[in-house]
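In my numbering, the protein residues as written are 334 to 520. Think of the CB as a built atom: it goes at the ideal place given N, C-alpha and C, for glycine as much as any other residue. Written below as structure tokens is the structure these notes are about.
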């Protein structure tokens, strides 16, 4: 064998080896690329699913927040309506020309006579002083009090008192009938 032939054989063997290495590298590269594509697709799929779940959660939260906000606004509006109705009742009761005022005072005096007698002092509302002075009967008429109407009846020593002010009667009636008032206003 000649040197040329040995050199040619080495060259052919090197080319074959290089082709084999190149083919192996291409195959390995293809496997790596396929694995990377598969992994990227999985990551993308997971990210899309997570984004979808988060979007649905945010949508639920926004809807719940909107409902809660609406409920709050409705409650605020109802409270404003109740306050306005209460204020209107107070204005009506505070009016000296309220229809039935004299009858109500007579009824309260009759009730006062059941719970108290001589030795009790009637402290009238300024607005009802004239009427209550006429109706007081055995009760001594004392100093006036600031209220919407009615009176406070108290014993001479102050140990017993009965609150018959329109303010108190309205508060009690309002509390006792709040459910009915709500139904009337909002049903």
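What residue range is occupied by the uninterrupted alpha helix (DSSP H) comprising residue i?
i: residue 376; result: 336-427
i: residue 509; result: 499-509
i: residue 442; result: 434-448
Name the one or two DSSP bridge partners that residue i has.
i: residue 471; result: Answer by DSSP bridge pairing: none, since residue 471 is not bridged.
i: residue 455; result: 474 and 486
i: residue 495; result: 486
With C-beta atoms as the reference, is residue i less than 8 Å away from residue j?
i: residue 468; j: residue 432; result: no
i: residue 455; j: residue 484; result: yes
i: residue 474; j: residue 486; result: no
i: residue 445; j: residue 497; result: yes
i: residue 481; j: residue 500; result: yes
i: residue 503; j: residue 442; result: no
i: residue 447; j: residue 519; result: no
i: residue 429; j: residue 409; result: no
Name the two residues that bound the continuous beta strand (DSSP E) containing residue i.
i: residue 485; result: 483-488
Going straight from the alpha carbon of residue i to that of residue j, what length do you get?
i: residue 494; j: residue 449; result: 9 Å
i: residue 422; j: residue 506; result: 11 Å
i: residue 511; j: residue 458; result: 26 Å
i: residue 452; j: residue 472; result: 7 Å
i: residue 488; j: residue 418; result: 35 Å
i: residue 353; j: residue 347; result: 10 Å
i: residue 368; j: residue 385; result: 25 Å
i: residue 337; j: residue 350; result: 20 Å
i: residue 424; j: residue 479; result: 15 Å
i: residue 365; j: residue 379; result: 21 Å
i: residue 404; j: residue 395; result: 14 Å
i: residue 356; j: residue 383; result: 40 Å
i: residue 513; j: residue 388; result: 44 Å
i: residue 522; j: residue 399; result: Nothing in the structure corresponds to residue 522, since the chain is present only between 334 and 520.
i: residue 335; j: residue 342; result: 11 Å
i: residue 477; j: residue 420; result: 23 Å
Return yes when at least one heavy atom of the ligand MG lies under 7 Å from the C-beta of residue i, else no.
i: residue 497; result: This structure lacks the ligand MG; in fact it carries no ligand of any kind.
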